[in-house]
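In this note's numbering, the protein residues as written are 193 to 431.
Idealized CB from N, CA, C, for every residue including glycine.
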């Protein structure tokens, strides 16, 4: 495609994106509704099929559309999950850098340190019950590494819920998605599962004691140990 044609299509797609975003925000295309057929959009905006598809791809990256092959795109209400998911392509690229996984893991430590400190100070009865249930499920899953991995994520997920900030569970979900290619290659042995469970138990006990300093230390020890496992698996610089 000639460069000037490509630029022209890009500008046209940007114009269509702006119009469709305005209609989505105005409720003309409500959450869960289908976008009009390609032919209708082509006629409405006087554009080519290529421009329509480029606009749809942009809106999908922004989390405003759910696009699947052979189906009309579905409008999705903007939310924190969609906003963070829109970063996936960028994060995937960053993770290919030598320090990418380490940098992302460091941000996880920073966030979870704050979360366990907050939990130690402010967790209410319902929060403690949710943590306890997640911990019990984690212990029961020790012999089954796949199930243990799921319950491991669920235990940490409760920490993100306790703050009652809708941004945080979306961040946790993103971490799980972004780091899963690495975690899926980690060796999973019952003994390692038990060590992780025992670390979770110590974090839980520190929260019960209402000791934020101890909770932070146990969390840091747990995640530092997890990082060592990553290094051993992928032969990365420990930093």
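query: Taking DSSP as the reference, what is the three-state secondary structure of residue 267?; result: strand
query: For residue 257, which beta-bridge partners are listed by DSSP?; result: 267
query: Of all the beta strand (DSSP E) runs that stay within the bounds of the segment 320-357, which reach a length of 3 or more residues?; result: none
query: Which word fits residue 263, buried or exposed, when buried means at least 16 other C-beta atoms lie within 10 angstroms of its C-beta?; result: exposed
query: What first and last residue would you give for the alpha helix (DSSP H) that runs through residue 372?; result: 359-375
query: Would you report the Cα separation of residue 361 and residue 343, rounded to the nearest angstrom?; result: 16 Å
query: Taking residue 148 as the reference, which of 304, 331, 337 and 316 has the closest Cα?; result: In the structure as shown, the chain starts at 193 and stops at 431, and residue 148 therefore has no counterpart that could be examined.
query: Taking all protein chains shown into account, decide if residue 261 is buried (16 or more other Cβ within 10 angstroms of its Cβ) or exposed.; result: exposed
query: Rounded to whole angstroms, what's the CA-CA distance from residue 293 to residue 371? Just pull it up for me.; result: 8 Å
query: If you draw a straight line from the C-alpha of residue 229 to the C-alpha of residue 302, how long is it?; result: 45 Å
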